[in-house]
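> Keeping their order, the protein sequence lines are chains R and A. Okay, so the first sequence: first residue is 306 according to my numbering, each after it adds one. Okay, so the second sequence: first residue is 4 according to my numbering, each after it adds one. Glycine included, C-beta positions come from ideal geometry on N, C-alpha and C. Source: prediction; values computed, not measured.
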Amino acid sequence: AQSVTQLGSHVSVSEGALVLLRCNYSSSVPPYLFWYVQYPNQGLQLLLKYTSAATLVKGINGFEAEFKKSETSFHLTKPSAHMSDAAEYFCAAANTGNQFYFGTGTSLTVIP
Amino acid sequence: DVKVTQSSRYLVKRTGEKVFLECVQDMDHENMFWYRQDPGLGLRLIYFSYDVKMKEKGDIPEGYSVSREKKERFSLILESASTNQTSMYLCASSRRERNYGYTFGSGTRLTVV
Numbered sequence: 306a307q308s309v310t311q312l313g314s315h316v317s318v319s320e321g322a323l324v325l326l327r328c329n330y331s332s333s334v335p336p337y338l339f340w341y342v343q344y345p346n347q348g349l350q351l352l353l354k355y356t357s358a359a360t361l362v363k364g365i366n367g368f369e370a371e372f373k374k375s376e377t378s379f380h381l382t383k384p385s386a387h388m389s390d391a392a393e394y395f396c397a398a399a400n401t402g403n404q405f406y407f408g409t410g411t412s413l414t415v416i417p
Numbered sequence: 004d005v006k007v008t009q010s011s012r013y014l015v016k017r018t019g020e021k022v023f024l025e026c027v028q029d030m031d032h033e034n035m036f037w038y039r040q041d042p043g044l045g046l047r048l049i050y051f052s053y054d055v056k057m058k059e060k061g062d063i064p065e066g067y068s069v070s071r072e073k074k075e076r077f078s079l080i081l082e083s084a085s086t087n088q089t090s091m092y093l094c095a096s097s098r099r100e101r102n103y104g105y106t107f108g109s110g111t112r113l114t115v116v
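1. Looking at the ligand MN, does it come within less than 7 Å of Leu-48 of chain A, judged from the CB to the closest heavy atom?
2. Return the bridge partner residues of Asn-34 of chain A from the DSSP annotation.
3. For the stretch 314-345 of chain R, list every residue whose C-beta sits within 7 Å of some C-beta in chain A, in sequence order.
4. Under 8 Å between the Cβ atoms of Met-30 of chain A and Phe-51 of chain A?
5. What three-state label does DSSP hand Ser-389 of chain R in the structure shown?
6. Indicate whether the contact test is met: 3 or more Cβ pairs, each with one atom in the stretch 328-343 of chain R and one in the stretch 400-417 of chain R, closer than 8 Å.
7. Am I right that Ile-416 of chain R and Ser-317 of chain R are in contact with their C-beta atoms under 8 Å? What's the rounded C-beta distance?
8. What number of angstroms, rounded off, separates the C-alpha of Ala-322 of chain R from the C-alpha of Glu-393 of chain R?
9. Run through DSSP, which three-state label would Leu-72 of chain A get?
10. Between Gly-61 of chain A and chain R, is there a C-beta pair that is closer than 8 Å?
11. My assumption, with CB atoms under 8 Å, is that Cys-341 of chain R sits in contact with Leu-352 of chain R. Please give the rounded CB distance.
12. May I ask you to list the residues that DSSP assigns as paired with Tyr-105 of chain A?
13. Please list the segments of the alpha helix (DSSP H) lying wholly inside the stretch 20-65 of chain A, counting only runs of 4 or more residues, in order along the chain.
14. Leaving out the 5 sequence neighbours to the left and right, which residues in its chain are closer than 7 Å to Gly-61 of chain A when beta-carbon positions are compared?
15. Give me the Cα-Cα distance between Tyr-355 of chain R and Ala-370 of chain R, rounded to the nearest whole angstrom.
16. Does any CB atom of chain R fall closer than 8 Å to the CB of Ser-70 of chain A?
17. Using a cut-off of 8 Å between C-beta atoms, extract the partners of Ala-359 of chain R located in chain A.
18. If we call anything under 8 Å between Cβ atoms a contact, is Arg-39 of chain A one with Tyr-92 of chain A?
Have a look at this one:
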């Protein structure tokens with residue numbers, strides 16, 4: 306069965322510091338992977354997605370994620386945090402069986 | 004710009020009322036979904052639909068029903084609202100192949116008093 310695990314329900318970083326949000330998936334078949342961002346009282350917005358074309362995926366707002374099959378990971382990074390990055394981030398996975406799974410989310414706080 | 008539109012951003016309803024949450028998408032997507040989101044619980048799937056007039060129960064369907072009479076519209080119905088249904092409700096749609104990802108609406112924050 307496919308599942309998605311996000312390590313750390315809350316992450317705090319200083320403004321200008323590296324952002325690293327962790328996501329691991331469980332599957333014997335590499336899935337399609339996504340990161341979504343949710344600002345307060347809004348819906349989820351797609352940040353980026355991996356669909357087996359390239360292992361390093363660049364998304365909006367300076368975020369990127371790297372697919373590592375050996376580690377079954379798809380961690381989200383941004384070199385320098387901005388105050389506007391404060392939000393909830395969700396990792397998600399879809400497999401060829403047309404199932405879609407969300408992680409439980411990571412709340413990012415940016416400290417000025 | 005493609006969109007999923009939820010009819011209300013904020014709703015306040017009384018216990019026992021029948022509540023309709025509406026969702027419309029303009030992407031000709033086959034699949035539509037209703038989730039509720041509560042602090043610490045992430046996204047929980049209530050119902051989804053993969054075609055007109057088709058529906059499938061998700062993880063937490065109790066107390067809810069849905070209607071999909073047209074491809075672009077998916078309604079969530081709370082037959083008799085209760086305070087434990089106070090939540091953020093998110094509608095999403097996707098192509099039949101879900102690996103293209105989901106598109107979400109802006110959400111409806113429902114308070115039942």
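On the basis of the data shown:
1. With respect to small molecules bound, the structure shown includes none, and the ligand MN cannot be examined in it.
2. A:Ser-97
3. Tyr-337, Phe-339
4. no
5. helix
6. yes
7. 6 Å
8. 18 Å
9. For clarity, residue 72 of chain A is Glu in the given sequence; the question names Leu instead. DSSP places Glu-72 of chain A in strand when its eight states are reduced to three.
10. no
11. Strictly speaking, residue 341 of chain R in this sequence is Tyr, with Cys absent from that position. Confirmed, about 6 Å.
12. According to DSSP, which records beta bridges pairwise, Tyr-105 of chain A is partnered with nothing at all.
13. none
14. Leu-48, Ile-49, Tyr-50, Phe-51
15. 8 Å
16. no
17. Here the premise fails: no neighbours, minimum Cβ distance about 16 Å.
18. yes
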